[in-house]
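Our numbering numbers the first residue of the sequence shown as 3 and each following residue consecutively.
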Amino acid sequence: MAEAALIRTGLPAQMRCIEVLEPGKHSRLQFSRQPLPELACGQVLIQVAAAGVNRADLMQRRGLYPAMPDESPTLGLEVSGVVVAAAEPELAGWLGKEVMALVPGGGYAEYVRVPAAHVMPVPQGWDLIQAAATPEVFLTAYQLLFSIGQLQPGQRVLLHAGASGVGTAAIQLAKARGAEVAVTVSSDEKAQCCLALGAELAINYRQQDFVEVLRQQWPAGVDLILDPVAGDYIAKNAALLAMDAKVVIYAMMAGRQAELDFAPWFRKRAQLIWSTLRNRSHDYKAVLVQALLADFAASFAAGNIRPKLDRVLCWTQAEQAHQLLATNQTIGKVVLQIAGADPAATLDSGIS
């Protein structure tokens, strides 16, 4: 692996990062020191200001969503910061720029390497906290809605976990494309948030049967369902299908097994699709980045579409951040602030 040809002076030989100890049900987080990543062709080095927290991080801690071969095993799939090194002169234009990036791993660290094709400029008027809350969830939502779901203006989409990071991003993208949006959520507070973002229907599944509600409100059915729940939700989704509908499963929060009756899927000529983003190729992600920017960069800059922030924590509170996600207490994104943290600080044990 070739070292970077262009490196700003003054970079340290080592960096701090958060390491997972004993991956599995009883995993722990610990600070460690590692050498700065070496850059390969086409890569840049980002000094990390902040990192978004995602459920994928929790899955990785449990050994269920490992890093791809030759990529950093450190947690963190999206960051913001400043580019401080580039692997070749053609990438020198990135040096010194504030950016946000989808990373294949390594975001919970002071520095991270990333293909330059996966880097995006921070939209005008945004801060680095907002930027860190954007790449993973907006690229995931864009992929699910448009690259896979082929959502068209006037169609109807159902978003399970509508108040999640991906859910709040998907509401905004779908509405901007002219679709009608329904969401399922676990509280009235989350329902109000989703309605404020533009959803037509927000159903608290703890109080109402979302299948019954949607059958009444949208009797013709739903054209696209984005589902991170799986489990018994697959059978419930089948009861809501419009003709030629698509259901995209992108996580398995309710489990990996379910009984499946094929008949309603045949009747509606429906598609059941399974998708992840992390194990896509570098080229696929680069095309996705450019497509998102082409379609929505102007909306980001205008402030019409922004990440929904739940809270910002110091990266010493990473355990607390993970517990908040695991117990479904968040609305939108949790971001870890890394730049400016006390270099002598230690990780907190969790929620007090």
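Glycine included, C-beta positions come from ideal geometry on N, C-alpha and C. The structure displayed is predicted, hence computed values, not measured ones.
Closest by C-alpha distance to residue i, when choosing among the options
i: residue 312; options: 56, 27, 30, 32; result: 56
i: residue 288; options: 220, 228, 118; result: 118
i: residue 196; options: 347, 169, 40, 178; result: 169
i: residue 145; options: 228, 190, 158, 199; result: 228
i: residue 163; options: 75, 105, 330, 177; result: 330
i: residue 282; options: 319, 305, 71; result: 71
i: residue 135; options: 105, 350, 203; result: 105
i: residue 139; options: 97, 204, 65, 280; result: 280
i: residue 1; options: 218, 255, 219, 173; result: Past the edges of the chain, shown from 3 to 354, lies residue 1, and the structure says nothing about it.
Close-in-space but distant-in-sequence residues of the same chain around residue i (CB under 7 Å, 5 per side omitted)
i: residue 326; result: 332, 336
i: residue 222; result: 244
Three-state secondary structure (DSSP) of residue i
i: residue 104; result: strand
i: residue 302; result: helix
i: residue 307; result: coil
i: residue 217; result: helix
i: residue 142; result: helix
i: residue 48; result: strand
i: residue 291; result: helix
i: residue 236; result: helix
i: residue 154; result: coil
i: residue 276; result: strand
i: residue 123; result: strand
i: residue 137; result: helix
Close beta carbons around residue i, own chain, < 6 Å, minus the five adjacent residues each side
i: residue 99; result: 85
i: residue 32; result: 21, 23
i: residue 51; result: 82, 83, 130, 341
Exposure of residue i, with buried meaning 16 or more beta-carbon neighbours within 10 Å
i: residue 208; result: exposed
i: residue 271; result: exposed
i: residue 310; result: buried
i: residue 180; result: exposed
i: residue 324; result: buried
i: residue 147; result: buried
i: residue 63; result: buried
i: residue 182; result: buried
i: residue 92; result: exposed
i: residue 191; result: exposed
i: residue 174; result: buried
Neighbourhood of residue i by C-beta distance below 8 Å, restricted to the same chain and skipping five residues each side
i: residue 213; result: 238, 241, 242
Across the region 240–256 and the region 267–287, are there enough close Cβ pairs to call them in contact, namely three or more that are closer than 8 Å? They touch, by the three-pair rule.
Is the region 276–294 close to the region 102–117, with three or more CB pairs under 8 Å? Two segments are said to touch when three or more pairs of C-beta atoms, one from each, lie closer than 8 Å; by this definition the region 276–294 touches the region 102–117.
So, do the region 122–133 and the region 148–166 have three or more beta carbon pairs nearer to each other than 8 Å? Remark: fewer than three beta-carbon pairs, one from each stretch, lie closer than 8 Å, so the region 122–133 and the region 148–166 are not flagged as touching.
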